[in-house]
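**Q**
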Amino acid sequence: MARDTDRLSFWEHLDEFRSVLLKIVSLTGVFGLAAFLFKEELFAVVFAPKEADFITYRLLRRIGGSGVLGETAGFDIPLINTGLAEQFIIHMKTALCAGVLCASPYILYQLFRFVSPALYERERRYAWRTVGSGYLLFLLGAAASYFILFPLTFRFLGTYQVSSEVANLISLQSYMGTLIGMCLAMGLVFELPVLAWLFAKLGFISAGFMQRYRRHAIVLILIAAAIITPTSDIFTLSIVSLPMWLLYEASILLVGTTAK
Numbered sequence: 004m005a006r007d008t009d010r011l012s013f014w015e016h017l018d019e020f021r022s023v024l025l026k027i028v029s030l031t032g033v034f035g036l037a038a039f040l041f042k043e044e045l046f047a048v049v050f051a052p053k054e055a056d057f058i059t060y061r062l063l064r065r066i067g068g069s070g071v072l073g074e075t076a077g078f079d080i081p082l083i084n085t086g087l088a089e090q091f092i093i094h095m096k097t098a099l100c101a102g103v104l105c106a107s108p109y110i111l112y113q114l115f116r117f118v119s120p121a122l123y124e125r126e127r128r129y130a131w132r133t134v135g136s137g138y139l140l141f142l143l144g145a146a147a148s149y150f151i152l153f154p155l156t157f158r159f160l161g162t163y164q165v166s167s168e169v170a171n172l173i174s175l176q177s178y179m180g181t182l183i184g185m186c187l188a189m190g191l192v193f194e195l196p197v198l199a200w201l202f203a204k205l206g207f208i209s210a211g212f213m214q215r216y217r218r219h220a221i222v223l224i225l226i227a228a229a230i231i232t233p234t235s236d237i238f239t240l241s242i243v244s245l246p247m248w249l250l251y252e253a254s255i256l257l258v259g260t261t262a263k
């Protein structure tokens with residue numbers, strides 16, 4: 004099936020792209036404004052992972068973990084602000100992030116709708132699968148960070164002391180930067196199956212290559228897990244590295260299927 008990009012001139016394409024951007028910005032602004040107005044509800048979600056009654060801690064206490072996991076009850080890590088306008092600025096940035104997140108399905112739809120006429124039918128199917136799978140995996144990785152990785156990391160580092168004479172004063176800026184950074188990092192880590200599939204399609208890797216270097220990959224996964232969540236608890240290290248290893252194994256299966 005031929006491409007249908009010759010129906011519009013360059014300026015008509017530019018005008019259509021401007022219309023797409025206007026729709027995206029408008030909806031993102033609406034969601035961002037709503038998030039800004041519902042400040043209490045927004046930051047209740049943002050600050051939930053630092054509370055001792057967060058769902059992750061409740062589940063771990065029910066399981067009866069040891070070490071760091073067995074001491075999650077009753078801790079309190081307050082946040083401080085160190086800038087005159089920082090709280091307002093962080094409020095605006097957080098509301099904007101929430102707006103982008105809520106509008107992200109519509110954003111992807113509009114961008115794909117704009118690009119798809121320039122693709123062949125087969126390319127459209129591949130693009131749709133790649134973008135859709137990548138989007139879902141990114142959300143899954145961000146959720147894994149929010150519910151598992153960040154709470155455990157914040158609990159350990161927020162209560163860690165070299166001496167009882169040195170108190171921890173965690174700034175709001177540090178908390179937000181770490182939360183957003185870890186969610187983005189894990190979202191990108193969860194893109195591994197999609198990247199493996201693309202590299203296999205391009206002929207860069209194969210299932211045999213990934214199986215041959217599996218041991219090396221496991222070592223790298225353990226190192227990455229130790230860096231992402233630097234706790235002394237082996238159980239914490241395990242629940243961080245296990246999803247990454249499963250993603251690698253899933254990538255091998257996906258690449259093998261692609262080769263066939």
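For what it's worth, my numbering labels the leading residue of the sequence shown as 4, then goes sequentially.
All C-beta atoms, glycine included, are put in the ideal place defined by N, C-alpha and C.
Being a predicted model, the structure only gives us computed values, none of them experimental.
#1: Does DSSP classify L82 as helix, strand or coil?
#2: Under 9 Å, do A98 and L45 count as touching if we go by C-beta distance?
#3: In whole angstroms, give me the CA-to-CA distance for T8 and I27.
#4: Considering only residues of the same chain and omitting the five flanking positions on each side of F117, which have a CB-CB separation below 7 Å?
#5: Can you name the start and end residues of the alpha helix (DSSP H) that F115 belongs to?
#6: Let me check understanding here. Comparing Cα to Cα, which of A220, I93, A145 lies closest to M179?
#7: By DSSP's criteria, S226 is part of a beta bridge. Which residues make up the other side?
#8: Tell me the DSSP bridge mates of S174?
#9: Distance check for F159 and V71, CA to CA, integer angstroms please.
#10: Anyone know if the C-beta pair for P196 and A145 falls short of 9 Å?
#11: Can you tell me whether G206 is helix, strand or coil according to DSSP?
#12: Please report the distance separating the alpha-carbon of G31 from that of Q90.
#13: Can you give the Cα-Cα distance for M4 and V258, rounded to whole angstroms?
#14: If we require 4 or more residues per run, which alpha helix (DSSP H) segments fall completely within the segment 150 to 174?
**A** Concretely, from the data shown:
#1: strand
#2: yes
#3: Low per-residue confidence applies at T8: pLDDT is 49, beneath 50, and the placement is therefore not dependable, though the value from the model is reported in the following sentence. Approximately 22 Å between the Cα atoms of the pair.
#4: E19, F20, V23
#5: 89 to 118
#6: When each option's Cα is compared against that of M179, the closest is I93.
#7: Position check: residue 226 holds Ile in this sequence, whereas Ser was assumed. The partner list for I226 (beta bridge, DSSP) is empty, contrary to what the question assumes.
#8: In the DSSP output, where bridge partners are listed per residue, S174 has I83.
#9: Confidence at V71 is low in this model, with a pLDDT of 48, below 50, so the placement of that residue should be treated as unreliable; the coordinate-derived value is given next. Their Cα atoms are separated by approximately 7 Å.
#10: no
#11: Three-state result, G206: coil.
#12: Rather than Gly, the amino acid found at residue 31 in this sequence is Thr. Rounded to the nearest angstrom, the two C-alpha atoms are 21 Å apart.
#13: With a pLDDT of 45 at M4, under the threshold of 50, the modelled position of this residue cannot be trusted; read the value that follows with caution. About 27 Å.
#14: You should have 153 to 162.
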